[in-house]
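K.L.:
Input: one structure, supplied below.
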Amino acid sequence: MTYGDRDQLLRDDAYLIHPLQHSGEHDDPLICVRTEGSTLTDMEGKDYIDGLSSLWNVNVGHGRRELAEAAADQIVELGFFSCYAGATNVPAVRLANRLRELAPGPLNYTFFTSGGAVSNDSAIKTARYFWQRADRPDKTKVISRKHAYHGVTIGAMNATGLEAYWADFGSSLPGYVHIDAPYPYHYRPADSGVGCGEAAARALEEAILREGPDTVAAFIGEPVQGAAGVIVPPEDYWPRIREICTKYDVLLIADEVITGFGRIGHWFGVSHWDVVPDIITFAKGVTSGYVPLGGIIVSDEIHDCIQHAPGDRKWNHSFTYSGHPTCCAVGLANLEILEKEGLIERCRVMGEKLIDGLRTLRTLPHVGDIRGIGLMAAVEVVEDPASRRPYDPALKIGGRIVKKMLENGVYTRCRGDSVNFAPPFVVTAAELDRMINVAGDAIESVTA
Ligand SMILES: Cc1ncc(COP(=O)(O)O)c(C=O)c1O
């Protein structure tokens, strides 16, 4: 393939708006032209370790011919046909059936979307629909957490707890409530006798009682908060959240857009805590990012409500690309790779190596927190580790560390001063070592 003129590519913002566009952040973009395994290659032939599986999604690694062949075969046979009620296609049926086998408990029914935010909007709408149909029409509010990232469509954006994503897009919608997140490094419960997990779970109970249980439709949370810098909750948090949601008839939505399909060592992240939500939302890893696909998996009870609606109250929710045959065919082939190659088990093993390796950076004077689970980790640098005082955000320490890492051959992203690590499950021990060394050098030189 010829790549065209590099200078012209570098001026792409003359006609292309990038996600999170900002001129200052697009001066020297990485023009990735080829990928293989855990390696990205730029136009000049320089290699980088993909320290974030691109956008936390290329779980099985790059360059998989099986996925290319699954897509090509499906496009030739049936590239697209509607999946609206009254029509169906074989890959969508097969993938939904496979997800029924993989999802926990009574989560047996899948509706497909094309990404993460639209899956979360679908879940929020479905929760509201469920309560409308149960003759509890005031149950519409959605509780989510600070630091949450659920995407940028209007519903998902309002559930997102990172203010930067909604501050300049008009006032937030009524009916969205943000509570504290179980962020062990920074969260200080008001009651010092209570642990972080229990206190953050109590924040949910308090919010439900404050708003009124008859007004709350759902609580949505990422099993591990990813985009905010891999915030891993204490072990007691999710079981308590499940109890509280059940106690107050609040549907529990697990946003598994990052944690789904192996990232923390289970098919779905909630299984780490043996928790069964009412709705799982997924995207990214279901196809390892090769084609866009997402969806929601709902419980038998929610499906019953959809399936047995009277004609004039049907679940009027749809996307043109729900159950896209090509995307579903790639999804099936991707799940087969994960299973056949034992990649979820590998993710667990390599995840332990990653976190052990990152812990060696503890000796650096400004490394504050090192956290992770499976192949999902972060190093948070702070100005003063003793008091956990962060750097002035204007210094952009995290961004400078990530830039330095890129110069030295490792690609990743940060949130504030937390540098994220989530390589593909095929990452080798040597690649992990190199990534950790490059990170250590970058942290040392930027914070010196
Ligand atoms: C947990 C989580 N939910 C939702 C989304 C949004 O997904 P998308 O960008 O496909 O809309 C993301 C994206 O990173 C995510 O990390």
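Add 10 to the 1-based position in the sequence shown for the working numbering, that's all there is to it. For every residue, glycine included, the Cβ atom is placed at its ideal position computed from N, Cα and C.
1. So, is the C-beta of N418 closer than 8 Å to a C-beta in chain C?
2. Below 8 Å, how does it come out for the stretch 427 to 434 and the stretch 386 to 397: are there three or more Cβ pairs, yes or no?
3. The beta strand (DSSP E) that contains L50, what's its start and end?
4. Verify the contact flag: L65, CB atom, against every heavy atom of ligand 1, threshold strictly below 7 Å.
5. Run through the DSSP bridge pairs and tell me what G409 is partnered with.
6. Excluding the 5 residues preceding and the 5 following A133 in the sequence, name in chain order all residues of the same chain whose CB lies nearer than 6 Å to its CB.
7. Tell me whether the beta-carbon of L342 lies closer than 8 Å to the beta-carbon of P184.
8. Closest to S182 by C-alpha separation, out of D201, A191, V301 and K151, would be which residue?
9. For H160, which of D131, D145 and L405 has the nearest alpha-carbon?
10. Mind checking whether the beta-carbon of D284 lies closer than 7 Å to any heavy atom of ligand 1?
11. Return the residue from the list Y331, E355, V204 and D259 that minimises the CA-CA distance to G275.
12. Curious, which full-length alpha helix (DSSP H) runs of at least 4 residues does the stretch 317 to 368 contain?
13. Assign L30 to buried or exposed, taking buried as 16 or more other Cβ atoms, counted over all protein chains shown, within 10 Å of its Cβ.
14. Does Y424 come out as helix, strand or coil in the three-state DSSP assignment?
15. State yes or no: is the C-beta of Y13 nearer than 7 Å to some heavy atom of ligand 1?
16. With hydrogens ignored, establish whether the beta-carbon of A191 is closer than 7 Å to any heavy atom of ligand 1.
17. Under the three-state reduction of DSSP, which class applies to K294: helix, strand or coil?
18. Let me know the alpha helix (DSSP H) ranges lying completely inside the stretch 149 to 227, each 4 residues or longer, listed in chain order.
19. Buried or exposed for V204, please, with buried defined as at least 16 other CB atoms from any protein chain shown within 10 angstroms of its CB.
20. Identify the residues that DSSP records as bridge partners of T98: which are they?
21. Confirm the yes/no value for this check: CB of N468, any heavy atom of ligand 1, distance under 7 Å.
22. With three or more C-beta pairs closer than 8 Å as the rule, is the stretch 204 to 223 touching the stretch 238 to 252?
23. Give me the Cα-Cα distance between G367 and L442, rounded to the nearest whole angstrom.
24. Within the same chain, show all residues whose beta-carbon is closer than 7 Å to that of L88, passing over the 5 residues directly before and after it, in chain order.
25. Taking the continuous beta strand (DSSP E) assigned at I241, which residues delimit it?
26. Restricting to Cα atoms, I'd like to know which of I59, A106, E79 and P320 is closest to V296.
27. Where does the unbroken beta strand (DSSP E) through R44 begin, and where does it stop?
28. Give the range of the alpha helix (DSSP H) segment to which G450 is assigned.
29. Under three-state DSSP, which class holds V128?
30. Which residues in the same chain as Y195 place their Cβ atom closer than 6 Å to its Cβ, once the five residues preceding and following it in sequence are excluded?
31. Could you have a look at E266 and say whether DSSP puts it in helix, strand or coil?
32. Alpha carbon to alpha carbon, how far is A432 from P233?
33. Can you tell me where the beta strand (DSSP E) holding I306 begins and where it ends?
34. Is N344 buried or exposed, if buried means 16 or more other CB atoms sit within 10 Å of its CB?
35. Spatial neighbours of G384 within its chain, please: C-beta separation below 7 Å, excluding the five flanking residues on both sides.
36. Report whether the distance from the Cβ of N130 to the nearest heavy atom of ligand 1 is below 7 Å.
P.N.:
Put simply:
1. Structure shown: chain C not included; a single protein chain is present.
2. Contact holds: three or more Cβ-Cβ distances are below 8 Å.
3. Along the sequence shown, one-based indexing puts residue 50 at 40. T49 to D52 is the span of the beta strand (DSSP E), which, as asked, contains L50.
4. Residue numbering aside, residue 65 sits at position 55 when the sequence shown is read from its first letter. Yes.
5. Position 399 of the sequence shown holds residue 409. Under DSSP, G409 takes part in no beta bridge, so it has no partner.
6. As a first step, residue 133 must be located in the sequence shown, where it is residue number 123. So the qualifying residues of the chain are I263, I289, T291 and I306.
7. Mapped onto the sequence shown, residue 342 falls at position 332. Mapped onto the sequence shown, residue 184 falls at position 174. No, these two residues do not count as a Cβ contact at 8 Å.
8. Walking along the sequence shown from the start, residue 182 turns up at place 172. Comparing alpha carbon positions, the residue from D201, A191, V301 and K151 closest to S182 is K151.
9. Residue numbering aside, residue 160 sits at position 150 when the sequence shown is read from its first letter. Out of D131, D145 and L405, D131 has the C-alpha closest to the C-alpha of H160.
10. On the sequence shown, position 274 is the one that residue 284 refers to. Checking the Cβ of D284 against ligand 1 gives no.
11. Walking along the sequence shown from the start, residue 275 turns up at place 265. The shortest Cα separation from G275 among Y331, E355, V204 and D259 belongs to E355.
12. Correct list: 335 to 350.
13. One-based indexing of the sequence shown puts residue 30 at position 20. Exposed is the call here.
14. Within the sequence shown, residue 424 is the residue found at index 414, counting from 1. The sequence shown places Cys at residue 424, rather than the Tyr named in the question. If DSSP states are grouped into helix, strand and coil, C424 belongs with the strands.
15. In the sequence shown, the residue the question calls residue 13 occupies position 3. Checking the Cβ of Y13 against ligand 1 gives no.
16. For this step, residue 191 is matched to residue 181 along the sequence shown. No, Cβ of A191 sits at least 7 Å from all heavy atoms of ligand 1.
17. On the sequence shown, residue 294 is found 284 positions in, with the first residue counted as 1. The DSSP-derived three-state label of K294 is helix.
18. Here the runs fully enclosed are 164 to 169 and 206 to 221.
19. Counting from one through the sequence shown, the residue named residue 204 turns up at place 194. Classification of V204: exposed, given that the 10 Å Cβ count is below 16.
20. By one-based count along the sequence shown, residue 98 stands at place 88. DSSP output for T98 lists no bridge partner at all.
21. Shown here, the chain extends from 11 to 458; a query on residue 468 therefore has no answer.
22. Here the stretch 238 to 252 makes contact with the stretch 204 to 223; the two share three or more CB pairs at distances below 8 Å.
23. As a position in the sequence shown, residue 367 is number 357, starting the count at 1. As a position in the sequence shown, residue 442 is number 432, starting the count at 1. About 8 Å.
24. Here residue 88 refers to the residue found at position 78 when the sequence shown is read from its first residue. These residues qualify, in order along the chain: N99 and P335.
25. Numbered from its first residue, the sequence shown carries residue 241 at position 231. No beta strand (DSSP E) contains I241, which DSSP labels as neither H nor E.
26. Locating residue 296 in the sequence shown gives position 286, where the first residue counts as 1. Nearest C-alpha to V296: A106.
27. Position 34 of the sequence shown, counted from the first residue, corresponds to residue 44. Boundaries of the beta strand (DSSP E) around R44: C42 to E46.
28. Indexing the sequence shown from 1 puts residue 450 at position 440. It spans A439 to T457 - the alpha helix (DSSP H) in which G450 sits, taken as one unbroken run.
29. As a first step, residue 128 is located in the sequence shown; it is residue number 118 there, counting from the start. For V128, the three-state secondary structure derived from DSSP is helix.
30. On the sequence shown, position 185 is the one that residue 195 refers to. Excluding its 5 nearest sequence neighbours in each direction, Y195 has C-beta neighbours in its own chain below 6 Å: D379, listed in chain order.
31. Taking the sequence shown and counting its residues from 1, one reaches residue 266 at position 256. In this structure, E266 counts as coil in the three-state DSSP scheme.
32. If you number the sequence shown from 1, residue 432 lands on position 422. If you number the sequence shown from 1, residue 233 lands on position 223. If you draw a straight line from the Cα of A432 to the Cα of P233, it is about 15 Å long.
33. Walking along the sequence shown from the start, residue 306 turns up at place 296. In the DSSP assignment, I306 falls within the beta strand (DSSP E) that extends over G304 to S309.
34. Walking along the sequence shown from the start, residue 344 turns up at place 334. Answer is buried; the Cβ neighbour count reaches 16.
35. Taking the first residue of the sequence shown as position 1, residue 384 is located at position 374. Around G384: R273, I274, G275, C357, R358 and G361.
36. The residue you call residue 130 lines up with position 120 of the sequence shown. Yes, since a heavy atom of ligand 1 falls inside the 7 Å radius drawn around the Cβ of N130.
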